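Numbering (my numbering), first residue to last: 127 to 653.
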Amino acid sequence: MARGSTSVEGNQPVSVSRTNLRSPDSDPAPVSALGNVVPAPSSVRPGGTPYTITSATAIRVDDAPGVRAVGDHLAAYLRPSTGYPLPVTPGSGADGVQLRLDPAAGELGDEGYRLESTGDGVLLTAREPAGLFHGVQTLRQLLPHAVEADSEQPGPWTVPGGTITDVPRYPYRGAMLDVSRHFFTVEQVKRYVDQLALYKINKLHLHLTDDQGWRIAVDSWPQLTAVGGSTSVGGTGGFYTKDQFRELVEYAAERHLDVIPEIDLPGHTNAALASYAELNPDGQAPELYTGTEVGFSSLCADKPVTYEFMDDVIREIAAITPGDRLHIGGDEADNTSAEDYAAIMAKAQESVARHGKEVVAWHQVTGTAVADGGWVQYWGTDETKKEEREQVAAAVRAGARLILSPADRAYLDMKYDGEFALGLSWAGLVEVDRSYDWDPATYFAEEGVPAEAVLGVEAPLWTETLSTNAELELMAFPRLLSAAEKGWSRGDLPWEGFHERLVDQGRRLTALGIAYHPSPKVEWAAE
Ligand code: IFG
Numbered sequence: 127m128a129r130g131s132t133s134v135e136g137n138q139p140v141s142v143s144r145t146n147l148r149s150p151d152s153d154p155a156p157v158s159a160l161g162n163v164v165p166a167p168s169s170v171r172p173g174g175t176p177y178t179i180t181s182a183t184a185i186r187v188d189d190a191p192g193v194r195a196v197g198d199h200l201a202a203y204l205r206p207s208t209g210y211p212l213p214v215t216p217g218s219g220a221d222g223v224q225l226r227l228d229p230a231a232g233e234l235g236d237e238g239y240r241l242e243s244t245g246d247g248v249l250l251t252a253r254e255p256a257g258l259f260h261g262v263q264t265l266r267q268l269l270p271h272a273v274e275a276d277s278e279q280p281g282p283w284t285v286p287g288g289t290i291t292d293v294p295r296y297p298y299r300g301a302m303l304d305v306s307r308h309f310f311t312v313e314q315v316k317r318y319v320d321q322l323a324l325y326k327i328n329k330l331h332l333h334l335t336d337d338q339g340w341r342i343a344v345d346s347w348p349q350l351t352a353v354g355g356s357t358s359v360g361g362t363g364g365f366y367t368k369d370q371f372r373e374l375v376e377y378a379a380e381r382h383l384d385v386i387p388e389i390d391l392p393g394h395t396n397a398a399l400a401s402y403a404e405l406n407p408d409g410q411a412p413e414l415y416t417g418t419e420v421g422f423s424s425l426c427a428d429k430p431v432t433y434e435f436m437d438d439v440i441r442e443i444a445a446i447t448p449g450d451r452l453h454i455g456g457d458e459a460d461n462t463s464a465e466d467y468a469a470i471m472a473k474a475q476e477s478v479a480r481h482g483k484e485v486v487a488w489h490q491v492t493g494t495a496v497a498d499g500g501w502v503q504y505w506g507t508d509e510t511k512k513e514e515r516e517q518v519a520a521a522v523r524a525g526a527r528l529i530l531s532p533a534d535r536a537y538l539d540m541k542y543d544g545e546f547a548l549g550l551s552w553a554g555l556v557e558v559d560r561s562y563d564w565d566p567a568t569y570f571a572e573e574g575v576p577a578e579a580v581l582g583v584e585a586p587l588w589t590e591t592l593s594t595n596a597e598l599e600l601m602a603f604p605r606l607l608s609a610a611e612k613g614w615s616r617g618d619l620p621w622e623g624f625h626e627r628l629v630d631q632g633r634r635l636t637a638l639g640i641a642y643h644p645s646p647k648v649e650w651a652a653e
């Protein structure tokens, strides 16, 4: 099996060393046109006659809930660049592009799909609408990259012939956006959601509260946004009303992403403490904070009002969150004693359960009791002490499940190189090859954590140094594609194959108006 290409029988693990980095003697076979997709599909069988979309092509959809919506998304993706009408037509025609549900296709699971491209057309089959939506993202990538343009381009719009059968490896494939250090409006977040959908990301974790800003309205504590939402790192503030948050949740859901809101506790709370004097030990509210230090703030464990505050906030956020998960933070509580941390996190987890949700928290929560069914988000690095990793493994043995966000691989705010203007470097420098150089399935193998305890992967983007979509996109692309592939495909695919497929993705990102980082690790102009 030549290194670097996706096999015709699914992704056979190639024998790579612990790193997936390019080895000098690698001679990757050219990836097939049908396999030129990120994340890599499970099984790619090129062959048969290609299909060319024309002005006569119809998008034929099952008359079932959610299927027409996927057809409308596909039409919206293709109409501007092709200039074709591409009507979305309920009915059973067997030509054109068909989106069909098959409840018996159990092997495709909740999010998988089959794409069959022949001379007569493209047939997308899935058990659920989410699978059809993910199949549509693959179909986009099988068309020339000019299809992503928002103005009419010359064709032809040809899809390679063959069959793709594709099922995600992990159910949790996330991206986090920190809207506290710098606020991003609803429209700015929607733009990021559109980009995440192309790579089959299905979770948007919004880091809504921190020292520098409280970004979500809470009716019972209105000062949180009136005061706590009024500033940011070095600048103006902002916040989402509940209706705006609902609008984001709906927009993400239409693109098959669940929103997971984070209320960071007990640390990273200066914005809340500055908003309500009574939350502070001495009844004195601190100044609003617009710097970038961490670890200095803490809720007060021995004041009853603290727990009223937390329960009110969790109640109101739970009520506007359709998903079943709330993130309660738990990181960098450097100014909270272990005893106080345990007391606060226990109460917070009780509140989450009382309001009908389940917990996600940063892995520091494993220093105290993790609620049944709790999910732990690990953000350590290769330098993380063994006992810290062991503590996480112990929580897993007690039933917790893991979301992996290793900061020296998946943190999109890490500088690419020492001279890079944006981003931070506390976890090291992360070029795109390093962002690809890890395998979620074996990441905690040394601690004996079973592979099935890993729910998936998330790529956080912290915004201490970012405030525009252009800056966000420079940091997120192309490294988000590594996280997307680690979450959807096998984690032991060789760097060479990913590198090959990145080249075409670069052209797509450009066609999408995304100014990505032209990493020197990738031969972007390669034919
Ligand atoms: N660590 C902090 C973030 C942010 C980050 C920047 C976590 C969980 C460093 N906590 O990452 O608030 O400041 O890279």
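Ideal Cβ positions, reconstructed from N, Cα and C, are used throughout, including at glycine. Fair warning: this is a prediction, and the values are worked out from it, not measured in the lab.
Among residues of its own chain, excluding the 5 on either side of residue i, which ones have a beta-carbon nearer than 6 Å to its beta-carbon?
i      : result
Thr284 : Pro176 and Thr178
Glu125 : Since the first residue of the chain shown is 127 and the last is 653, residue 125 is not available in this structure.
Asp276 : Pro206
Glu484 : Asp450, Arg451 and Gly499
Ala609 : Ala536, Val583 and Ala585
Glu278 : Gly209
Gly525 : none
Arg194 : Val187
Ser358 : His308, Phe309, Gln338 and Gly339
Ile640 : Glu599 and Phe603
Leu638 : Glu274
Glu135 : Note that Glu135 scores a pLDDT of 39, beneath 50, so its modelled location is shaky; the value from the coordinates is reported in the next line. Closer than 6 Å at Cβ, skipping near neighbours: no residue.
Taking the beta carbon of residue i as the centre, do at least 16 other beta carbons fall within 10 Å, making it buried, or is it exposed?
i      : result
Asn461 : exposed
Gly621 : Here the sequence assigns Trp to residue 621, which means Gly is not the residue at that position. Buried, by the Cβ-count rule.
Lys647 : buried
Ala497 : buried
Trp552 : exposed
Gly300 : buried
Gly130 : Unreliable positioning characterises Gly130 in this predicted model, as indicated by a pLDDT of 34, which lies under 50. A coordinate reading is not provided.
Met230 : Contrary to the premise, residue 230 reads as Ala rather than Met in this sequence. The residue is exposed, with fewer than 16 neighbouring Cβ atoms inside 10 Å.
Thr362 : exposed
Glu313 : exposed
Gly173 : exposed
Ala464 : exposed
Pro255 : buried
Gly197 : buried
Pro165 : buried
Arg560 : buried
Arg605 : buried
Val486 : buried
Pro167 : buried
Asp534 : buried
Glu545 : exposed
For residue i, which residues of its own chain have a beta-carbon under 8 Å away from its beta-carbon, when the five flanking residues on both sides are left out?
i      : result
Leu265 : Leu200, Val223, Leu241, Val248, Leu250 and Val285
Asp438 : Val344, Ser346 and Trp347
Asn406 : Leu399, Pro412 and Cys426
Ala323 : Phe259, Gln263, Arg381, His382 and Leu383
Among residues of its own chain, excluding the 5 on either side of residue i, which ones have a beta-carbon nearer than 7 Å to its beta-carbon?
i      : result
Gly549 : Asp539, Met540, Lys541, Thr591 and Met601
Gly219 : Ala184 and Arg186
Asp151 : Low confidence applies here, because Asp151 scores a pLDDT of 47, under 50, leaving its location unreliable; read the following figure in that light. Excluding positions up to five away in sequence, the list is empty.
Trp650 : Val629, Gly632 and Pro644
Leu635 : Phe603 and Tyr642
Ala577 : Ala567
Leu234 : Arg240, Ala252, Arg253, Gly257 and Val293
Pro139 : Any answer about Pro139 is weak, because its pLDDT of 40 lies below 50 and its placement is not dependable; what the coordinates show is given next. The residues are Arg616 and Asp618.
Lys473 : Tyr433 and Met436
Leu147 : Since pLDDT at Leu147 reaches only 46, below the 50 mark, its modelled position is unreliable, and the value read off the structure follows with that caveat. These residues qualify, in order along the chain: Asp559, Asp563 and Trp621.
In terms of DSSP beta bridges, what is residue i paired with?
i      : result
Pro387 : Leu332
Glu484 : Arg451
Trp501 : Val486 and Arg527
Gln224 : Arg186 and Leu249
Ser243 : Val248 and Gly288
Met540 : Leu550
Ala585 : Ala301
Glu340 : The residue you asked about is not Glu; residue 340 is Trp in the sequence shown. Per DSSP, Thr335.
Tyr177 : Val285
Heavy atom of ligand 2 less than 7 Å from the Cβ of residue i, yes or no?
i      : result
Tyr537 : Of the ligands one can find in the structure shown, namely ligand 1, none is ligand 2.
Below 8 Å, can you find three or more Cβ-Cβ pairs linking the region 364-373 to the region 395-412? no
Looking at C-beta atoms only, is the number of pairs between the region 288-296 and the region 254-269 that lie closer than 8 Å three or more? yes
Are three or more beta carbon pairs between the region 310-328 and the region 407-423 nearer than 8 Å? no
Would the region 441-452 and the region 488-496 be scored as touching if the rule is three or more Cβ pairs under 8 Å? no
Whether or not the region 472-486 and the region 302-318 are in contact is what I'm after, with contact meaning three or more pairs of Cβ atoms, one per stretch, closer than 8 Å; do they touch? no
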